[in-house]
Amino acid sequence: MAALNGNSHDGPALDMNQITAQLQHLGLSQPPSFPGVLLHPEYNPVDIFRAYIIEQLHRITEADPAIINNALAWTADQKHGDLVLPVPALRLKGKKPDGLASEIAEKFESPLVQKPTADKTFVRFFFEPEPLASLTLKYIPKHKTQYGFNPRLGLEDPSKPGSKRKRLIVEYSSPNIAKEFHTGHLRSTIIGGFLSKLYSAAGWETISMNYLGDWGKQYGILSQGFEKYGSEAELERDPIKHLNEVYVKINQDNSAEQKEAKTLTEKKDELEKVKNPPKPKKPAKGKEAEAPPPPQWTDEQEKELQNAIAELEKVQEELVAKPSIDEKARQFFKRMVDGDQEALKYWQKFRDLSIEAYKHMYARLSIAFDDYSGESTVKVEDMDKAANVLQERGVSEPSKGAVIVDLAKHGAPKLGKTLVKKKDGTSLYLTRDIAANYERYEQYNFDKMIYVIASQQDVHVAQFFKILDLMGSPYSDTVKKCEHITFGMVKDPKGQTMSTRKGTVVSLADSLDSAKDFMHDVMRKNEEKYEQVVNPEETADTLAISAIMVQDYSGKMINGYNFDMERMTSFEGDTGPYLQYSHARVCSMERKANVSRADLERADFSLVIQAKEGVELVRCLAQWPDVFLNAYKTREPITVLTYLFKMTHLLSSCYDAKDAENRNAKTMSVMYAESPEKKAALMGLYDSSRQVLANGMRLLGLKPVERM
13 MAALNGNSHD
23 GPALDMNQIT
33 AQLQHLGLSQ
43 PPSFPGVLLH
53 PEYNPVDIFR
63 AYIIEQLHRI
73 TEADPAIINN
83 ALAWTADQKH
93 GDLVLPVPAL
103 RLKGKKPDGL
113 ASEIAEKFES
123 PLVQKPTADK
133 TFVRFFFEPE
143 PLASLTLKYI
153 PKHKTQYGFN
163 PRLGLEDPSK
173 PGSKRKRLIV
183 EYSSPNIAKE
193 FHTGHLRSTI
203 IGGFLSKLYS
213 AAGWETISMN
223 YLGDWGKQYG
233 ILSQGFEKYG
243 SEAELERDPI
253 KHLNEVYVKI
263 NQDNSAEQKE
273 AKTLTEKKDE
283 LEKVKNPPKP
293 KKPAKGKEAE
303 APPPPQWTDE
313 QEKELQNAIA
323 ELEKVQEELV
333 AKPSIDEKAR
343 QFFKRMVDGD
353 QEALKYWQKF
363 RDLSIEAYKH
373 MYARLSIAFD
383 DYSGESTVKV
393 EDMDKAANVL
403 QERGVSEPSK
413 GAVIVDLAKH
423 GAPKLGKTLV
433 KKKDGTSLYL
443 TRDIAANYER
453 YEQYNFDKMI
463 YVIASQQDVH
473 VAQFFKILDL
483 MGSPYSDTVK
493 KCEHITFGMV
503 KDPKGQTMST
513 RKGTVVSLAD
523 SLDSAKDFMH
533 DVMRKNEEKY
543 EQVVNPEETA
553 DTLAISAIMV
563 QDYSGKMING
573 YNFDMERMTS
583 FEGDTGPYLQ
593 YSHARVCSME
603 RKANVSRADL
613 ERADFSLVIQ
623 AKEGVELVRC
633 LAQWPDVFLN
643 AYKTREPITV
653 LTYLFKMTHL
663 LSSCYDAKDA
673 ENRNAKTMSV
683 MYAESPEKKA
693 ALMGLYDSSR
703 QVLANGMRLL
713 GLKPVERM
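Just so you know, my numbering puts the end of the sequence shown at 720, numbered straight through with nothing missing.
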């Protein structure tokens with residue numbers, strides 16, 4: 013089961029007695045709680061501030077605490093406050109929002125919050141820096157690798173710590189076996205890995221599933237390619253690369269064979285469009301209907317169309333009789349389905365070698381799966397059962413010897429028709445998907461299942477979900493628990509779509525090796541630091557992986573991007589190497605500062621908020637649990653990445669902070685701290701920053717380095 017940092021379920025938390033003890037010197041007791049308001053002060057220091065703000069606002073306005081909690085929001089800039097309340101969101105009748113804002117500002121009192129400011133219909137709350145620093149910088153070393161995460165979110169009842177954990181399956185990566193693992197596969201793999209870690213950190217029991225594309229006619233094509241172009245020696249040396257080369261060559265042969273049929277098909281389709289032009293669109297209300305186009309079809313064109321149809325049928329018959337590569341592939345797959353041992357021998361070998369190669373790549377990316385399944389593992393009886401349900405419920409229908417589902421007849425005209433069984437009786441991946449969905453629910457009884465699949469397959473997934481819904485219980489019950497998380501495509505550096513068949517993919521292994529060599533060269537430039545790195549090769553590889561993954565995360569998932577090696581390996585700007593540099597810099601500082609853990613634990617953190625840079629960094633560290641909660645809602649890696657870059661920029665600002673009167677004095681420097689107490693407090697602040705940075709990086713699947 014996937015878990016972040018090897019931990020699952022309810023991690024270490026400050027208990028209420030510890031929290032109360034910290035609040036007592038401010039004249040406060042245990043944070044208040046409210047019915048219908050889910051706060052977790054034991055995991056999130058800001059929830060302590062929220063609780064007291066809600067209490068005061070309820071006292072002043074008598075508004076519903078749940079409404080108050082939902083209305084409170086972080087500001088984008090600290091000069092506008094920490095939290096802001098848009099007064100109209102309280103939904104109080106009979107009171108003018110601007111007047112009520114002024115009343116709240118006047119009557120509000122709390123040792124945790126400065127006097128609020130009324131700004132028209134908004135009330136802005138500024139946390140007192142000293143209690144914020146004291147609480148936050150105590151929380152982080154207590155929670156360590158679990159700071160920011162909330163394992164109560166994945167419980168059936170988050171308000172009850174002993175409640176049962178919910179179960180999630182995340183299906184991701186799922187490459188077709190015997191094909192090069194390329195940069196296009198990267199997105200599904202790392203997005204799925206992120207989601208698994210995200211839900212695990214939220215307390216879900218997560219199951220990472222790799223559903224391999226290991227069944228279908230394409231393995232008939234591959235077997236012919238290996239027979240014609242293959243080498244056992246090359247297969248043993250580099251199986252995926254060799255099979256990929258073979259697959260490209262045989263597909264080129266196949267395309268050449270199919271060229272005449274393709275040309276005739278295109279000609280026939282064009283003529284049929286002229287013969288049967290689309291009907292004029294229905295006019296908008298009050299508009300005149302468009303006149304139908306004048307008939308343009310001639311006897312000569314009809315003759316040309318019939319000739320094209322006849323020629324196409326002749327070519328197709330010849331391809332079957334020959335037989336063509338495509339026809340041989342169909343026959344080979346039929347033998348696989350029928351259990352022919354000779355056919356299955358090739359397939360099994362290709363599958364085993366592929367999985368072994370993929371496991372090496374996954375290990376390199378720090379990705380682990382709980383379940384390696386595939387299309388080949390779906391039981392025939394479950395596919396037959398699904399086919400019978402489709403027929404009995406009138407969802408499927410025969411069509412030219414095959415079986416289809418016409419979704420236009422079932423309320424989904426945009427989804428069109430889809431094939432569920434071929435003429436020769438073999439199944440398609442849609443049929444296998446339906447049966448696999450049922451089998452997973454039977455095996456795991458999941459509460460939620462996420463399919464991480466590229467936007468190219470949006471229509472297929474929509475058809476799949478719609479068919480499950482039409483099939484009735486239990487299929488329609490499971491689909492309610494399923495979700496498709498889609499993402500844009502990775503293109504080559506020139507913006508062209510990559511294709512395995514055409515041989516235009518960018519190998520991920522080659523890309524990682526290239527980035528690794530570049531990082532290694534950068535590291536060597538500083539001989540003194542390079543000599544201190546325990547394993548330079550491994551560190552360079554970690555930096556390369558960080559570079560590639562951060563570029564992938566640097567936008568919303570639905571947006572595609574061009575694979576740009578030069579940009580991603582830069583140490584300038586918001587890149588993976590910059591994040592790693594920020595982490596390694598604090599680690600270096602800790603080694604040189606030589607501050608004991610005991611000194612950190614008793615540090616006076618009021619000393620770090622004397623400069624505005626320190627206040628801003630503490631505020632940012634306190635936000636991390638809320639950022640995690642927001643990422644849990646959006647499921648977007650960019651939510652986490654944006655925060656990490658913001659935090660590292662604030663960290664850098666602290667290093668450079670200058671005294672207002674003496675511009676040469678660095679007020680936040682550990683090495684030049686004016687007292688041991690200030691040194692310990694600053695090191696505590698920076699150590700907490702390193703911990704939060706590491707937690708966020710690991711959530712994204714990045715492995716923080718300590719030297720580089």
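Just so you know, even glycine gets a beta-carbon here, dropped at the ideal spot from N, CA and C.
Distance between residue 401 and residue 480, taken at the CA atoms: about 10 Å. Residue pairing by DSSP puts residue 139 in a beta bridge opposite 125. Residue 233 and residue 340 have their C-alpha atoms some 8 Å from each other. Between residue 224 and residue 358, the CB-CB gap reaches or exceeds 8 Å. In this structure, residue 714 sits away from residue 523, with a CB-CB distance that is not shorter than 8 Å. Buried is the label assigned to residue 194, since at least 16 other Cβ atoms lie within 10 Å of its Cβ. Annotation note: the region 531-582 contains the following uninterrupted alpha helix (DSSP H) runs of length 4 or greater, listed N- to C-terminal: 539-544, 548-565 and 577-580. Secondary structure note for residue 194: it is in no alpha helix (DSSP H), with a DSSP letter that is neither H nor E.
Using a C-beta cut-off of 8 Å, the region 607-624 makes no contact with the region 163-177, since fewer than three inter-stretch Cβ pairs fall below that distance. Inter-residue distance for residue 679 and residue 464 is about 48 Å (C-alpha atoms, whole angstroms). Residue 430 is bridged by DSSP to 417.
Put simply, the backbone Cα of residue 258 is about 43 Å away from that of residue 213. When C-beta atoms of the region 581-594 are compared with those of the region 657-665, three or more pairs fall below 8 Å, so the two segments count as touching.
Pairing residue 545 with residue 535 gives a Cβ-Cβ distance under 8 Å.
Out of 184, 631, 648 and 671, the CA that lies nearest to the CA of residue 704 is found in 631. Separation of residue 269 and residue 281 (C-alpha to C-alpha, rounded to the nearest whole angstrom) is 20 Å. DSSP places residue 615 in the coil class of the three-state scheme, outside both helix and strand. For residue 211, the CB contacts under 6 Å within the same chain, skipping 5 residues up- and downstream, are 180 and 218 in chain order. The Cβ atoms of residue 253 and residue 192 lie closer than 8 Å to each other. DSSP places residue 77 inside the alpha helix (DSSP H), whose first and last residues are 77-83. Under a 10 Å Cβ-count criterion, residue 623 is classified as buried, with 16 or more other Cβ atoms of the shown protein chains found around its own Cβ. Sequence-distant partners of residue 518 (beyond 5 residues in either direction) whose C-beta falls short of 7 Å from its own C-beta, in its chain, are 194, 195, 504, 510 and 575. A straight line joining the alpha-carbon of residue 146 with that of residue 171 spans about 27 Å. Scanning 533, 608, 543 and 542 for the CA closest to the CA of residue 581 turns up 533. Pairing residue 348 with residue 388, the inter-Cα distance amounts to about 10 Å. When only Cα atoms are considered, residue 698 and residue 356 end up about 58 Å apart.
In this structure, 618 is the residue among 241, 654, 618 and 134 with its C-alpha nearest to the C-alpha of residue 694. Put simply, of 607, 642, 633 and 711 the residue whose alpha carbon is nearest the alpha carbon of residue 691 is 607.
Collapsing the DSSP output to three states places residue 218 in a strand.
Taking residue 32 as the centre and dropping the five residues before and after it, the same chain places the C-beta of 41 and 42 closer than 7 Å to its C-beta, in chain order. Taken through DSSP and simplified to helix, strand or coil, residue 182 comes out as strand.
In terms of Cα proximity to residue 143, the closest of 496, 156, 720 and 125 is 125. Beta-bridge partners of residue 383 (DSSP): 221. In the displayed model, residue 465 falls within coil according to three-state DSSP, outside both helix and strand. DSSP lists 167 as the bridge partner or partners of residue 177. The beta carbon of residue 415 is closer than 6 Å to those of 408, 432 and 433 in its chain, skipping five residues each way along the sequence.
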